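Below you'll find the structure, written out as structure tokens, and then a few comments.
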Amino acid sequence: LGFQAPKTVDATLRGWHHGRYRATRSARARELLTELGPVLLKAFCAAPDPDATLLKFDAFLSNLPAGVQLFSMLHSNPHLLELLVKILGLAPRLADHLSRHPSVLESVLTQDFFDPPPPRQALDGELDRRLEDARDIEDVLDISRRWANDRRFQIGVQSLLGHLTPAQAAWGLSTIAEAALGRLFPRIEAEFMKKHGVLSGSAMAVIAMGKLGGREMTPTSDLDLIFVYSVPGNQALSDGPKPLSPGVYFARLSQRMINALSAQTGEGILYEVDMRLRPSGNAGPIASSMDSFRRYHQEQAWTWEHMALTRARVITGPGDLKRAVTGVIRDALTRGRDGQTLVRDVAHMRARMDAEHHTDSLWDVKHLRGGLVDIEFIAQYLMLKNAHDHPEVLSSNTWMALNRLVEAGFLSPSDAGLLKDALTLWQALQGFLRLTVKSNPGGGKETDIPLPLHEILARQGRVRSFGGLKKKITVTAEGVFKVYRGLIEKPAKSPSLQV
């Protein structure tokens, strides 16, 4: 049949029929599994590594709470088995979600499963309808997680099958995160108010930074967030049973929100949250008042913090506060700067990052010289350099920023073309590796990448072979690094060159 270890195969199949797992303990489950046997073996043998695929299916079965529903579905829809085998063999993160919620496979049969990712408004409405069934805040957390994980599973399957470009997948994942955060926050706030009341006239906004800010999320991205609040000067304490002063009130509310996103429930976590980009980093308050946020970016922020701020996007909060925070961000990014100081600061920060995260691995496309970080630094440097006179170059999305910079004449068409082609390649490889490689995705060695993925990765890179992909990565990185050196590294070393 094509298996290298037939004795292991035989022992595994016998274990299923002896009811070794919960999923195979009922007579009906074993009956269905027996009927599926020939089809299963055919599907395993069609996989690049039949033995490994069988063992992954066995591990999948061992985690299932029950088997009849899944086996019936596969029996009635044999094409789902092909997809299941592909997921088990290539995408362990998707397989983990499937093992906890096998019924999600049924969603593949729905008419709209392969539609493009919906816009934010549609997702808001969908999640709101799901949350109508919540009886308490614990239900809110679980329903939000199940909804987000199901939606991420959908994008993962579409990506695995090549139905989405990397940019479409990143945009879809970012929209899911925005919707989850946006629908969760008012419910967490309402629960918080039961104990601590309200501060009349106050409000809080959430700023997305990093990959969420740029709408460039991958399957494993965390959320880089900043919380900013405004409160009238005459408000000393909130009006609840346990009143709090404004600073303490919004710090605790922010922490509640972080916990709501990152706490482990029966449905897992929603997102890990990183707050290190807030004013003063880990040494600063967890939530910043509007005045302190403005003052910090006017008087204290380092250049690298303004580089990070180029990716900022206010995603929740009342309209007037969102506009005010957006105005502060814009003022910080469009301030006049000394060109030589700027380029030296940027080069120094990149050198520090390289010293800390230096890699020679072709698969760490983030930190590899000529990789994602170098492209992002080029875009951020050119935006900060030129935004004072040309604010139209600003964009939180790297691709759009490169387009705006070339349109404004601050980046040559040839350099922009090279950088955009590289960005497309890096995002494709990073997104796919984070979907398919569970251990150290996108930052490990070539040996971390299973052989069956080699051909698929080559297709992601639009080349014919894995060897051709490695050559393309090398040539692309060299091209990006050459642009980086010309725009940033060499000018930073010149004592008199005008930049």
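Add 204 to a position in the sequence shown, counting from 1, and you land on the number used in the working numbering. Note that CB positions come from ideal geometry on N, CA and C, so glycine has one too. A quick note: this is a predicted structure, and the numbers were derived from the prediction, not measured.
Following the DSSP letters along the chain, one finds residue 433 inside the beta strand (DSSP E) bounded by residues 427 to 434. The shortest CA-to-CA distance from residue 418 to any of 335, 691 and 598 is the one to 598. Taking C-beta separations shorter than 8 Å and ignoring five residues to either side along the sequence, the partners of residue 349 in its chain run 469, 471, 472, 473 and 474, following chain order. The DSSP-derived three-state label of residue 668 is coil.
According to the DSSP assignment, residue 545 belongs to no beta strand (DSSP E) but to the alpha helix (DSSP H) extending over 543 to 561. Relative to residue 323, the option among 664, 382 and 370 whose CA is nearest is 382. The straight-line gap separating the alpha-carbon atoms of residue 590 and residue 310 is approximately 51 Å. With 16 or more neighbouring CB atoms inside 10 Å of its own CB, residue 501 falls in the buried class. A distance below 6 Å between beta-carbons, with the five flanking residues on each side excluded, links residue 508 to the following residues of its chain, in chain order: 553. By the Cβ-count criterion, residue 313 is exposed, with fewer than 16 other Cβ atoms from all chains shown falling within 10 Å of its own Cβ.
Closest by C-alpha distance to residue 525, out of 432, 692 and 365, is 432.
When the Cα atoms are used, residue 498 and residue 512 turn out to be separated by approximately 16 Å. In the assembly as shown, residue 572 is a buried residue. Its beta-carbon has 16 or more other beta-carbons within 10 Å. Taken in chain order, the whole alpha helix (DSSP H) runs of length 4 or more contained in the segment 274 to 315 are 282 to 294 and 296 to 304. For residue 597, no alpha helix (DSSP H) segment is defined, and its DSSP state is neither H nor E.
Straight across, the Cα-Cα distance linking residue 256 with residue 668 is about 25 Å. For residue 530, same chain residues with a beta-carbon under 8 Å away, outside a window of 5 residues either side, are 518 in chain order. Under the three-state reduction of DSSP, residue 683 is assigned to helix.
The beta-carbon distance between residue 622 and residue 687, rounded to whole angstroms, is 6 Å. This is short enough to meet the 8 Å contact definition.
Residue 451 sits in a helix when the DSSP states are folded into three classes. Sorting 375, 252, 626 and 445 by C-alpha distance to the C-alpha of residue 579 places 626 at the top. Judged by DSSP secondary structure, residue 517 falls within the beta strand (DSSP E) whose first and last residues are 517 to 520. Residue ranges of uninterrupted alpha helix (DSSP H) with 4 or more members, entirely inside the segment 434 to 505 and ordered along the chain, are 450 to 466 and 494 to 503. If you ignore the 5 residues before and after residue 584, its C-beta comes within less than 7 Å of the C-beta of 511 and 514, all in its own chain and listed in chain order.
The beta-carbon distance between residue 380 and residue 411, rounded to whole angstroms, is 18 Å. This is too long to meet the 8 Å contact definition.
In this chain, residue 582 is not harboured by any beta strand (DSSP E); it is covered by the alpha helix (DSSP H) spanning 576 to 590. By DSSP's assignment, residue 413 forms a beta bridge with 428. Residue state for residue 421 is assigned as coil, using DSSP reduced to three classes. In the three-state reduction of the DSSP assignment, residue 407 falls in the strand class. Secondary structure at residue 336: coil, using DSSP grouped into helix, strand and coil. Inter-segment contact for the segment 325 to 341 and the segment 285 to 292 is absent: fewer than three beta-carbon pairs are separated by less than 8 Å.
Taking the Cα positions, residue 239 is about 8 Å away from residue 279. Cβ neighbours of residue 391 within its own chain (closer than 6 Å, five residues either side excluded): 344. DSSP places residue 221 in the uninterrupted alpha helix (DSSP H) bounded by 210 to 221. Per DSSP, the unbroken alpha helix (DSSP H) holding residue 396 starts and ends at 370 to 400.
A residue is called buried when at least 16 other Cβ atoms come within 10 angstroms of its Cβ; residue 420 meets this threshold and is buried.
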